[in-house]
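Please read the structure below before turning to the comments.
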Amino acid sequence: MSKFLTNRQISLMIYCITVGYGVIDLPSEAAQNAGAGSWFSLLILTIIIMVITYMITYLQYTFEGKTLYEYGQQLVGKTITYIFLIVYIIYFFLNFTMITRIYAETLKMIILNKTPIIAICALFYIVVFYALVKGINVIARVCELYGILNIIGFMFINTLLLTKGRFVHIRPLFVVQDLGIYFSAIFKIVIAFLGAEILFVLPLSRQHNKKALKYTTFIVGFIGIIYIYIVESVISVVGVEAVVHYQVSLLDVIRGTDIYYLEFFRRLDGIYMVYWSMNIICAICLWGYGVITFANKITRNIKYKYIVAGVTIIGFIAAQIPKTKDQIESIIKYNSYFAAIATIVILIILLTIIKVKKYDKKI
């Protein structure tokens with residue numbers, strides 16, 4: 171089996187890990203912080219994340235067949251590289267646990283009212299454990315299938331929402347005086363765009379991934395377009411003033427929308443839960459793979475399957491620690507802020523060294 175993934179697999183993995191938990195409450199967060207001008211904040215943030223994704227891909231592409239662990243030691247030494255790895259292990263692990271828990275909470279609230287959270291998490295981690303043991307090639311193929319289905323599903327559902335929307339709800343599209351508000355909203359909605367950091371654990375090949383830079387950058391731009399489409403379709407149905415009060419805004423609006431002429435497909439929330447669950451499964455597998463890969467680099471004497479078992483068990487226990495949904499959301503939010511800042515700092519350090527020492531010319 172090939173060590174390297176295809177460009178399509180890599181891009182759809184980025185799609186699946188990014189369009190996971192963050193999308194479910196994106197309309198509410200965007201409307202609350204940027205109002206009807208949410209599309210502008212999303213557009214600017216999309217461009218920023220595209221640049222960051224390009225930079226990460228550039229690093230991976232420059233050091234062929236290596237991950238952050240290998241070329242980090244070459245650039246900044248072993249000690250600082252270990253610090254970088256610990257940062258990402260913490261970041262990946264918190265997402266691995268808290269997104270699973272928030273998914274279980276949402277599932278319990280919507281359709282499994284009498285099912286204990288611990289039972290939902292246990293079943294979910296069993297599925298994830300099986301995927302992680304099989305390795306990244308299996309996870310990549312699952313992402314390749316689920317990602318395409320998810321894109322089709324999201325476009326289908328939000329197009330139906332638009333048929334129930336009103337243009338007056340999304341006006342005014344842009345107010346010059348609110349430009350400062352639009353830019354300040356970027357940091358509040360960044361959680362929905364994080365995920366490209368998984369590239370740090372995916373080695374690239376000049377032979378197999380010639381157009382990796384274009385693929386990874388394009389998929390982030392595509393995600394941004396989908397996000398704008400989702401936010402505008404939701405706001406068009408209920409308006410800015412109403413959407414900010416929803417707990418899980420995208421799902422709540424979908425649940426309240428009845429497309430009477432679709433007969434069997436009238437309940438869009440059921441269809442949405444299927445597509446959303448696909449992405450959540452892929453996202454959790456990828457967050458877990460990030461933890462396991464970097465942990466395996468540090469503890470080379472422990473076999474991969476034992477690390478998978480250990481991370482899964484510890485993750486299951488950690489997912490039960492928060493007592494309320496608000497605590498889970500706070501952990502995810504601050505973890506995302508921490509990751510965004512850390513990624514920018516790490517990229518600046520590594521790319522500066524590469525340019526100063528001209529590593530990209532030598533290799």
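Going by my numbering, the first residue of the sequence shown is number 171, and it counts up by one from there. No residue lacks a Cβ here, since even glycine has one placed at the ideal position from N, Cα and C. A quick note: this is a predicted structure, and the numbers were derived from the prediction, not measured.
Through-space distance from residue j to residue i, alpha-carbon basis
i, j, result
"M279", "Y273", "10 angstroms"
"L330", "G207", "22 angstroms"
"I146", "K527", "Missing from the structure shown is residue 146; the chain here goes from 171 to 533 and no further."
"L315", "P286", "30 angstroms"
"V407", "F337", "9 angstroms"
"L372", "Q347", "43 angstroms"
"F434", "A512", "Bear in mind that a pLDDT of 49 at F434, under 50, signals an unreliable position, so the number given afterwards is only what the model happens to contain. Taking the straight line joining both Cα atoms gives about 47 angstroms."
"L517", "M225", "7 angstroms"
"I449", "C313", "It is worth fixing the name first, because residue 449 is Asn in this sequence and not Ile. N449 and C313: Cα-Cα distance of roughly 8 angstroms."
"V297", "C455", "9 angstroms"
"Q489", "F344", "The sequence shown places Ala at residue 489, not Gln. Distance between the alpha carbons of A489 and F344 is about 41 angstroms."
"I484", "I321", "32 angstroms"
"I288", "G350", "43 angstroms"
"K304", "G480", "15 angstroms"
"Y241", "T227", "13 angstroms"
"K284", "T522", "54 angstroms"
"N328", "V308", "30 angstroms"
"K384", "L182", "13 angstroms"
"T494", "G247", "41 angstroms"
"A465", "G235", "18 angstroms"
"I501", "K334", "35 angstroms"
"T249", "Y300", "33 angstroms"
"I218", "I306", "28 angstroms"
"Y474", "A382", "27 angstroms"
Residue closest to residue i, alpha-carbon to alpha-carbon, out of the options
i, options, result
"C186", "S500, I361, A453 and W457", "A453"
"V257", "T522, I523, K528 and Y507", "Y507"
"T188", "L364, G480 and L229", "L364"
"V444", "C291, L319, L245 and I400", "L319"
"A310", "Y231, I250, T227 and I451", "I451"
"H378", "E240, K525 and Q230", "Q230"
"Q202", "F266, I322, K334 and S354", "S354"
"I405", "A382, L196 and A479", "L196"
"N505", "I259, Q244 and I194", "I259"
"I194", "I396, Q179 and G305", "I396"
"G317", "G480, Q179, V481 and I472", "Q179"
"F326", "I217, I523, K284 and I400", "I400"
"G323", "S447, S211, G305 and K384", "S447"
"V478", "I524, L245, F263 and F392", "F263"
"T267", "T482, K495 and I514", "T482"
"I393", "T216, T227, Q243 and D496", "T216"
"I137", "N265, T249, Y228 and Y241", "As displayed, the chain neither begins before 171 nor continues past 533, which places residue 137 out of reach and without an answer."
"S211", "I514, E402 and N466", "E402"
"D496", "I514, E275, Y476 and V410", "E275"
"L277", "I514, T522, K475 and Y442", "Y442"
"L332", "S500, R470, I306 and G409", "G409"
Contact check, residue i vs residue j, beta carbons under 8 angstroms
i, j, result
"V461", "I184", "no"
"E199", "K380", "no"
"G458", "L302", "yes"
"T176", "F370", "no"
"T387", "M220", "yes"
"Y191", "F486", "no"
"S375", "F174", "yes"
"Y548", "L255", "Any question about residue 548 goes unanswered here, given that the chain covers just 171 to 533."
"K503", "I361", "yes"
"R271", "P492", "yes"
"A510", "Y352", "no"
"I468", "Y261", "no"
"I269", "L282", "no"
"L245", "I524", "yes"
"I514", "A366", "no"
"W209", "I368", "no"
Alpha helix (DSSP H) segment containing residue i, residue limits
i, result
"D496", "K495 to K527"
"A382", "A382 to V408"
"F353", "L349 to K358"
Inset, instruction - Could you name each continuous beta strand (DSSP E) segment of 3 residues or more that falls completely within the segment 450 to 488, going from the start of the chain to the end? - result: List check, beta strand (DSSP E) in window: nothing returned.
Inset, instruction - Pick out the complete beta strand (DSSP E) segments inside the segment 174 to 259, 3 residues or longer, and give them in chain order. - result: The DSSP assignment places no complete run of the beta strand (DSSP E) inside the segment 174 to 259 (cut-off: 3 residues).
Legend entry - Residue ranges of each beta strand (DSSP E) within the segment 277 to 323, 3 or longer: If we require 3 residues or more, the segment 277 to 323 turns out to have no beta strand (DSSP E) run fully inside it.
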